[in-house]
Amino acid sequence: MGKVQQEYSQGDIVLVMGDPAEVLRCMESEYGYTSVRVKYLAKPPLPEIPEDEFPSSYVQLLVAAKDIKEFMLAQVDKMPAHLQSDVRELFSKGTPEQLLHGAREAILDMHKSGALRVFLSGNTES
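Take 0 as the starting number for the sequence shown in numbering that gives the first Met the number 0 and just add one per residue.
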């Protein structure tokens with residue numbers, strides 16, 4: 000039976016041991032196992048270590064960097080109707096970097112308020 004591992008890319012927004020983080024890079028060992036270097040978006044578990052590496056099996060993808068525009072546009076439908084057209088226009092004109100920054104900030108705010116746990120419990124599969 001082969002190994003099943005999620006592949007990650009630089010800029011992906013992930014969850015590591017319950018904390019939101021951004022993927023800095025991925026490495027593969029000579030045996031084919033991958034590890035992921037991340038930068039915590041919130042306060043790291045150990046304040047003196049803002050970046051860390053984990054086996055890819057400890058990492059859960061929240062938003063792929065390549066899909067950030069589609070992810071942000073999909074969130075517009077959950078907003079009040081009177082805001083949707085203006086926000087959709089802003090998102091459609093934003094650069095990938097601007098959208099990634101916005102997604103980082105939104106996920107960090109959700110994490111700080113406790114809403115990320117609620118959001119994930121209704122939107123992820125085990």
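Don't be surprised by glycine CBs; every beta carbon is placed ideally from N, CA and C.
Check, Outcome
"Residue burial classification, L82 (beta-carbon count within 10 angstroms, cutoff 16)", "exposed"
"Outcome for V117 when other beta-carbon atoms lying within 10 angstroms are tallied against a minimum of 16", "exposed"
"Rounded separation between S125 and L14 - CA only", "Unreliable positioning characterises S125 in this predicted model, as indicated by a pLDDT of 40, which lies under 50. The coordinate reading is nonetheless provided below. So the alpha carbons of these two residues sit roughly 14 Å apart."
"Whole-number beta carbon distance between G101 and M78, since they are thought to touch under 8 Å", "Contact doesn't hold; Cβ gap of about 13 Å is too wide."
"Span separating the alpha-carbon of I67 from that of G10", "10 Å"
"Nearest-angstrom beta carbon gap, Y39 and A64 [assumed within contact, 8 Å]", "At roughly 17 Å, the Cβ-Cβ gap does not stay under 8 Å, so A64 and Y39 are not in contact."
"Burial state of Y7, where buried means 16 or more other Cβ atoms lie within 10 Å", "buried"
"Helix, strand or coil at E6 [DSSP, three-state]", "coil"
"Residue from G113, S91, R24, R103 whose Cα sits closest to the Cα of E50", "R24"
"Boundaries (first-last residue) of the beta strand (DSSP E) holding D108", "Not the beta strand (DSSP E): D108 falls in the alpha helix (DSSP H), residues 95 to 112."
"Alpha-carbon to alpha-carbon, P54 and E29", "14 Å"
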